[in-house]
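At the far end of the sequence shown sits residue 102, using our numbering, and the numbering has no gaps.
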Amino acid sequence: MSNLFGRLFLEHPSEVGESYFHHMGASSSYGLRLLKASMCAFTHALIPALCKTSASDCVKEMAGELNGRVATAREERMRRAGAYDPVI
């Protein structure tokens, strides 16, 4: 049972160098921002003069942040595999 617990709750946060709670906070933050972007997109759909770039601005900003997180996760996986060289 503990193996299932580890796979469901601990494995992925560990792969990206975070604790469970840190990962929960980061993921929740992205979820709330996406919810706001979604609301802006629906508002824009109903009233095109409102929220003209709000949703796309949010997505672009988050894409930049997520690219940084991807690089960090890749480095963490390489470090754990013994193939990490910070000089490269």
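All C-beta atoms in this analysis are idealised placements derived from N, C-alpha and C, irrespective of residue type, glycine included. What you are looking at is a predicted structure, and each value in this text was computed from that prediction instead of being measured.
| said: Check whether the stretch 78-86 and the stretch 54-69 touch, using three or more Cβ-Cβ pairs below 8 Å as the test. | reply: The answer is no - the stretch 54-69 does not touch the stretch 78-86, with fewer than three Cβ pairs under 8 Å.
| task | Tell me where the alpha helix (DSSP H) around N22 begins and ends. | result | Here the sequence assigns Leu to residue 22, which means Asn is not the residue at that position. Counted as a single uninterrupted DSSP element, the stretch harbouring L22 is not any alpha helix (DSSP H), since DSSP gives it neither H nor E.
| field | Three-way DSSP call (helix, strand, coil) for P62 in this model | value | Coil.
| Does the Cβ-Cβ distance between A87 and V30 come in under 8 Å? | Contact flag set, yes.
| field | Secondary structure of V84, DSSP reduced to three states | value | It is helical.
| Residues of its chain near H58, where Cβ-Cβ distance is below 8 Å and the 5 sequence neighbours each way are ignored | The beta carbon of H58 sits closer than 8 Å to those of L64, C65, K66, S68, A69, all from its chain and outside the five residues before and after it, given in chain order.
| Apart from the five residues on each side of it in sequence, which residues of its chain come closer than 8 Å, Cβ to Cβ, to V142? | Here the chain covers residues 15 to 102 and nothing more, so residue 142 does not appear.
| said: Taking the straight line between their C-alpha atoms, what separation do you get for M53 and P27? | reply: Linking M53 to P27 through their CA atoms gives a straight-line distance of about 29 Å.
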